[in-house]
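> Below are the structure tokens for one structure; questions will follow.
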Amino acid sequence: MARIEFPERGMGEHVDWALLRPKMAAGMGALSEAVYGHSQLPVREREAARWTIALINDCAVCQGTRARDGEASGADEGFYAEVASWRGSDALSERERLAAEFAERFAL
Numbered sequence: 095m096a097r098i099e100f101p102e103r104g105m106g107e108h109v110d111w112a113l114l115r116p117k118m119a120a121g122m123g124a125l126s127e128a129v130y131g132h133s134q135l136p137v138r139e140r141e142a143a144r145w146t147i148a149l150i151n152d153c154a155v156c157q158g159t160r161a162r163d164g165e166a167s168g169a170d171e172g173f174y175a176e177v178a179s180w181r182g183s184d185a186l187s188e189r190e191r192l193a194a195e196f197a198e199r200f201a202l
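Throughout the sequence shown, residue numbering follows our numbering, covering 95 to 202 in sequence.
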């Protein structure tokens, strides 16, 4: 849920705000493609960091988003549940836990 009020057009929060500033939305789309489309990190490591930030920020849009190639890479709902408690998880690799820790340190 957005922390600011803006006109709803019924297309979903992530689209409604973009309709207000199409040029900004295009830039955000390009940034997203650069980050997610050209990442050097494996999907699960990237998602461990992204999901940790989503939880810290309590971002409903971010928490509702899944990587396009996530399921095929093993980033299923069980994975996201493990990331939420990454410190004690044996299901995550050392690098996945490190990605979650880095994200937490970055955000807090």
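Even for Gly, the Cβ is constructed at its ideal location relative to N, Cα and C.
Which word fits Leu125, buried or exposed, when buried means at least 16 other C-beta atoms lie within 10 angstroms of its C-beta?
Exposed.
> In angstroms with no decimal places, state the Cα-to-Cα distance between Leu113 and Gly121.
Going from the Cα of Leu113 to the Cα of Gly121 covers about 13 Å.
> Please report the straight-line C-alpha distance between Trp180 and Arg191, rounded to a whole angstrom.
C-alpha separation (whole angstroms): 6 Å.
> Going by the beta-carbon positions, is the gap between Ala43 and Ala178 smaller than 9 Å?
As displayed, the chain neither begins before 95 nor continues past 202, which places residue 43 out of reach and without an answer.
> Measure the C-alpha to C-alpha separation of Arg103 and Gly182 and round it to an integer number of angstroms.
Taking the straight line from one Cα to the other gives about 42 Å.
> State the Cα-Cα distance for the pair Ala148 and Ala193, rounded to the nearest angstrom.
Answer to the nearest angstrom: the Cα atoms are 13 Å apart.
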